[in-house]
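Engineer:
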Amino acid sequence: MASALNKLKWLSGGRGGAYGSGWWSYATAAVGEKVGEEVPSSGICRPLSEILKELNKKVPDSLVKTRHEKDGFPVRYIPWHVVNRILNLHAPEWSGEVRNITYSSDAKSVSVVYRVTLYGTDAEIFRESTGTASVDDTSYGDPVQKAEAMAFRRACARFGLGLHLYHEDAS
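Under UniProt numbering, the letters of the sequence shown match residues 1 to 171, in that order.
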């Protein structure tokens, strides 16, 4: 029981706030380890402004991956499953849906539109974004899966989650 209380303390930011040792430490453990059933969901317990404040924090480098484009250019990103866990942690009642799947007229690429909705005590908001993948790219998964993961991450970035990665080159 003490373990569950400590985890709730981490979730609520009760340990010093900011990033220092609070919610990202728990998120890292949740990504790297199996989390037991003892952690209750907080449900819809906070206003959207608080949820968005947490999502806008810089994601630790330990959760960010790098892939290299065909031209050798490195691209840093947060894997979709890590984004999913972060949303589960800060907005447990979030929802997501594929809104559209479209193949290009030459059938060489597929685009997916994805919507993420956040629910707070005071309101709900949604953001949509697109992801496109080449049908010929066989590096991992199928093209629709790749496009969906990209659209999901981008929709979450519109809430601020991982948005700092899009601006690293500017600094």
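We put the beta carbon where it would ideally sit given N, CA and C, even for glycine.
Taking the beta carbon of E148 as the centre, do at least 16 other beta carbons fall within 10 Å, making it buried, or is it exposed?
Structural biologist: By the 10 Å Cβ count, E148 comes out buried.
Engineer: What is the DSSP secondary structure of P60, reduced to helix, strand or coil?
Structural biologist: coil
Engineer: For the alpha helix (DSSP H) that contains E148, what are its first and last residues?
Structural biologist: P143 to A157
Engineer: Considering only their Cβ atoms, is the gap separating I101 from V112 smaller than 8 Å?
Structural biologist: yes
Engineer: Leaving aside the five residues before and after T132 along the sequence, list all residues of the same chain whose C-beta is less than 6 Å from its C-beta, in chain order.
Structural biologist: Excluding sequence neighbours, T132 sits near S109, S111 and A147.
Engineer: In angstroms, rounded to a whole number, what distance separates the CA positions of G141 and S49?
Structural biologist: 36 Å
Engineer: Name the residue from R46, P47 and P60 whose alpha carbon lies nearest to the alpha carbon of L165.
Structural biologist: P60
Engineer: For E93, does the three-state DSSP call read helix, strand or coil?
Structural biologist: E93: coil per DSSP, three-state reduction.
Engineer: Using a Cβ-Cβ cut-off of 6 Å (strictly less than) and excluding sequence neighbours within five positions of K58, which residues of its own chain qualify?
Structural biologist: H164
Engineer: Return yes when the Cβ of R127 is within less than 8 Å of the Cβ of F159, no when it is not.
Structural biologist: yes
Engineer: If we count the other Cβ atoms within 10 Å of its Cβ and call it buried at 16 or more, is P143 buried or exposed?
Structural biologist: buried
Engineer: Using only the alpha-carbon positions, how far apart do E168 and V75 sit?
Structural biologist: 10 Å
Engineer: Give me the residue from K53, T121, V82 and F73 with the minimum Cα distance to S62.
Structural biologist: Per the C-alpha coordinates, the member of K53, T121, V82 and F73 positioned closest to S62 is V82.
Engineer: Whose C-beta lies closer than 7 Å to the C-beta of R46 among residues of the same chain, with five residues either side of it excluded?
Structural biologist: G120 and T121
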